[in-house]
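Beneath this line is the structure, given in structure tokens, with notes to follow.
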Amino acid sequence: MNDGKIMTLYRIGFLTALLIFSIVPAVCAVEETKTLVEDDPEFVPIPSLAVPIIREGRVEKYIFLTVTLEMIDSDAKDVAELYVPRIKDAFFRSLFDYFGSLRPGTPGVNIRLVKARLMHAGKRAIGENKIKAVLIQNAFEQDVNIRATDAKKNQ
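Take the sequence shown: its position 60, counted from the start at 1, is 60 in the numbering used here, and no numbers get skipped.
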């Protein structure tokens, strides 16, 4: 064989390999997109939570949370909607324990830790393999000693 034919075969092989490697990722991406679209997320909003932090027999501050649960599937959503009072009770108990164990004067809300505690409490309330994620939509801390008029003055 002469050098021209060998070079032509190399070029054809290279172009074929390039074509295959450029098409395969696109096909895989389309398949992944189809599976994501097929799995519609199922959400269950939990009524707002207002957790009083009690120290030395008096309310020191309140923690307000807005929580939504992302469920595994529609069956899990149906179960969660049926047991919202049970879930809310488990959330309150878990949050009372957590915030009550913090040192007095600890500012802020550790979102990552609160989400983990709520996930655990939710699993205890309605069972394993139902809750996909705990989504905290809003977290707010209000000191009882600060009145609304004082807060406006400090801004």
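A virtual CB, placed ideally from N, CA and C, is assigned to each residue, including glycine.
So, under 8 Å CB-CB, Lys132 and Glu81 are touching, yes? Tell me the CB distance rounded to an integer number of Å.
No, Lys132 and Glu81 are not in contact; Cβ-Cβ is about 15 Å, not under 8 Å.
Below 8 Å between beta carbons: does that hold for Val79 and Ile136?
no
Between which two residues does the alpha helix (DSSP H) holding Asp78 run?
Ser74 to Leu82
Distance CB(Ser94)-CB(Arg117) smaller than 8 Å:
yes
Anyone know if the C-beta pair for Ala50 and Phe91 falls short of 8 Å?
no
For Arg103, report the span of its beta strand (DSSP E) as first-last.
Element bounds for Arg103: n/a, residue is neither H nor E.
Start and end of the beta strand (DSSP E) containing Lys115?
Element bounds for Lys115: not the beta strand (DSSP E) but the alpha helix (DSSP H), Ile111 to Ile126.
State yes or no: is the C-beta of Glu141 within less than 8 Å of the C-beta of Val109?
yes
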